[in-house]
Amino acid sequence: MKAVAIEEFGGPEGLAVTDIPAPAPAQGQVLILNEAIGVGGVDVMIRSGALAAYGFRKGHVPGGEVAGTVTAVGDGVDPAWVGQRVWAFTGTGGGYVDQAIAPIGEVLTLPASLSAVDAVTLGSSGVVAHFGLAHAHFSPGETVLVRGAAGSIGIMTVQLAARGGAGAVAVTTSSPERGRRLRDLGATHVLDRSGAGGPDDPPGYDVIIDVVAGEDMPSFFDRLNPNGRLVVVGAVGGQPPADFGTRLMAAFQKSMSFATFSAATVAESARRAVRMEQFAAADRGELQTVVHEVLPLEHAVLAHQKMDAGEVFGRIVLTP
């Protein structure tokens, strides 16, 4: 079957289309004929080599979420899954393929009218946004800043903060056009990438959800209110400086908090419940999925080039 694998770590040109044997589901797994494959920030980080310390090797097939139809099941899985349209989390890879393997605990049946493309736009990002806000102990009425709001995680965080009764939802973004689109999704204030805005913007924020990290992350501690919380849910901008904690300690009397968040720390049952609710909400039109572009699987290099260039608003989706 067709797959896209990493032949060389570094730039997008290190990805290559290849043929690999079609997989068979083992115990507790299902085989999915893919209709849509989400392109995530973690795929880009793995491909770039930024996560080499986690053991990724040449030949790795990126992609963590897919949607399609179950065509076979392994031992211990109810055969009734065969023929069902599903969303699935494949882990840290294995998604950029015609047919994907996923553990049954990470497979969800899709609402009849929710497309596979919408499912892979929402499935992972919605969970990170939901539990990221929870990890920050967000409460109605509090002010929220979403740093790096134009990606799928940021877009979902904006919507969930607005739906959750935030007193203000500010975003950092790279252009007025993106700012207008984010306002349509619930943002109330638009800042530039440095976090600078105008006189009518909140002077500080109770919660900052950071999808970017990188060298500039410590400067955002200055934008926290007393008792404010900054939670990093992604690192598409790379690692922060090693001494970033000194900025936090310098403001000791403000009692600010810093945390990271990964959905891997959330119980499978809790992730499953939130995804089911969010898929239903999207099906009802209460949550908007934002798809930047749909490309053929063999154009994965182009998809990663667009990601690297920072021109993606929402999610790029690959289709076999």
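When we follow our numbering, the leftmost residue of the sequence shown carries the number -1, and every step to the right adds one. Cβ coordinates follow ideal geometry from the N, Cα and C atoms, glycine included.
Proximity below 8 Å, CB of residue i to CB of residue j
i    : j    : result
T155 : I207 : yes
L120 : G162 : no
W79  : V28  : yes
F219 : A268 : no
H187 : A166 : yes
E104 : F87  : yes
I35  : L295 : yes
L316 : V37  : yes
Residue environment, residue i, which counts as buried when at least 16 other CB atoms sit within 10 Å
i    : result
S260 : exposed
F122 : Checking the displayed sequence, the identity of residue 122 turns out to be Ser instead of Phe. By the 10 Å Cβ count, S122 comes out buried.
M305 : buried
Q276 : buried
Same chain, Cβ closer than 7 Å to residue i, five either side skipped, listed in chain order
i    : result
D96  : M(-1), K0, N32, P318
L49  : M43
G74  : Q25, G26
H302 : P10, L13, V42, R45
D281 : P109, S111, L112
Beta bridge counterpart(s) of residue i as assigned by DSSP
i    : result
I18  : BP columns for I18 are empty, so no partner.
P294 : T317
H187 : A168
I151 : Answer by DSSP bridge pairing: none, since I151 is not bridged.
Sequence-distant residues of the same chain with beta carbon closer than 6 Å to residue i, five excluded per side
i    : result
V288 : I153, G312
D204 : E140, T141, N223, G226
G235 : V210, A211, G212
K252 : P224
A117 : A65, W85, L108
Q82  : V68, T107
A159 : V142, V167
Delimiting residues of the alpha helix (DSSP H) encompassing residue i
i    : result
I99  : Taken as a continuous stretch (DSSP letters only), I99 belongs to no alpha helix (DSSP H), being part of the beta strand (DSSP E) at 97 to 101.
P174 : 174 to 182
T119 : 114 to 133
F277 : 266 to 281
Check: residue i C-beta below 7 Å from any heavy atom of the ligand ATP
i    : result
M254 : Although the ligand ATP was asked about, the structure shown includes no ligands whatsoever.
Delimiting residues of the beta strand (DSSP E) encompassing residue i
i    : result
S255 : 255 to 258
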